[in-house]
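In the working numbering, the protein residues as written are 90 to 316. Built from N, CA and C at the ideal position, the CB exists for glycine as well. Owing to the predicted nature of the structure, the values given are computational and were not obtained by experimental measurement. Here the structure comes first, spelled out in structure tokens, and everything after it is commentary.
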Amino acid sequence: MIENMLISTGITVFAYLIGLKIFQAANRNVWLNPLYTVTVFLFIFLPFLHLDYKTYENGSGLFSILMQTAIVSLAIPLYKQWPLIKKNFKKIGTGIFIGGAAGVGSTLSLATLFGIKKDIMASLLPKAATLPVALSASGSLGGVPALTVLFVLTSALFSFICGPKVLEWLNIKSKAAKGLAMGASAQALGASKCLQWGEEEGAMSAIAMTTTAIIVSSLIPFYMLFS
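As structure tokens, this is what we get:
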């Protein structure tokens, strides 16, 4: 067990260091972000080392623990910005609810239009939620866990890479709006980016991330009933 953990952790760290070097050598090109390139490297390294995904997943649990710790730490900026959040609670709640409902609704409409099978649809719909919530929602609806992971990570990575540019292009200056947009679309990745911008952005992204996960997981069963 310990040997498996050391191997899985070592492979992940090694892949990340390579991805980071490439990212820095390419003048920090957003499309070569280590979060993307590491995934590609792992697809290459794991078969080459004859290490199946399940074994790797069981051995890399350390990163899941660290991710959970990082998410909990978002409570700090949340607490510091509580007066602002309390003042704008209705606006924040309404915006996130409408965004979450529209996101799930549009995904369901397009999936139905293109005749996507039920199991794939169930895997796709929770993509706006955090990964643990998305997996739970997908599993209860008969989705495919591997596809859910793919859809959630792809959606989050795309928002993480393109989100800041879109906000800049739309000339969005509000710190709260930027935090809500990134947290709702890129989940934990968006929250980490927002914390680099400031405490207000970080607090808003934490609210958006958790609230979106709750709203999406609550709405999906109702959408599926009428699909």
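Output yes or no for whether 8 Å exceeds the beta carbon distance between residue i and residue j.
i: ALA217; j: GLY192; result: yes
i: ILE296; j: GLY272; result: yes
i: THR196; j: LEU214; result: yes
i: GLU289; j: LEU173; result: yes
i: SER248; j: SER274; result: yes
To the nearest angstrom, how far is it from the Cα of residue i to the Cα of residue j?
i: LYS267; j: LYS254; result: 11 Å
i: ILE250; j: TYR105; result: 17 Å
i: GLU257; j: SER263; result: 11 Å
i: LEU236; j: GLY252; result: 23 Å
i: LEU220; j: LEU242; result: 8 Å
i: LYS207; j: ASP141; result: 28 Å
i: ILE261; j: ALA302; result: 24 Å
i: SER244; j: SER162; result: 23 Å
i: PHE112; j: VAL222; result: 30 Å
i: THR158; j: ALA277; result: 12 Å
Keeping to the same chain, check which residues put their C-beta closer than 7 Å to that of residue i; ignore five residues upstream and five downstream.
i: SER149; result: SER97, THR98, THR101
i: PRO234; result: LEU224, SER227, GLY228
i: GLY108; result: PRO123, THR126, VAL127, PHE130
i: TRP120; result: ILE250
i: GLY188; result: ALA273
Just to confirm my understanding: we take residue i, look at its own chain, exclude 5 residues before and 5 after, and list those with CB closer than 6 Å. What are they?
i: SER294; result: GLY268, MET271, GLY272, GLY279, ALA280, CYS283
i: GLY204; result: none
Under a Cβ-count criterion, where at least 16 other Cβ atoms within 10 Å of its own Cβ denotes burial, should residue i be classed as buried or exposed?
i: ASN122; result: buried
i: ALA114; result: exposed
i: GLN285; result: exposed
i: LEU199; result: exposed
So, at 8 Å on beta carbons, what are the nonlocal neighbours of residue i in its own chain, with the 5 sequence-adjacent residues on each side left out?
i: LEU151; result: MET94, THR98
i: LYS179; result: none
i: LEU230; result: ALA211, LEU214, ILE309, PRO310, MET313
Could you give the first and the last residue of the continuous alpha helix (DSSP H) run that contains residue i?
i: ILE133; result: 123–137
i: GLN285; result: 264–286
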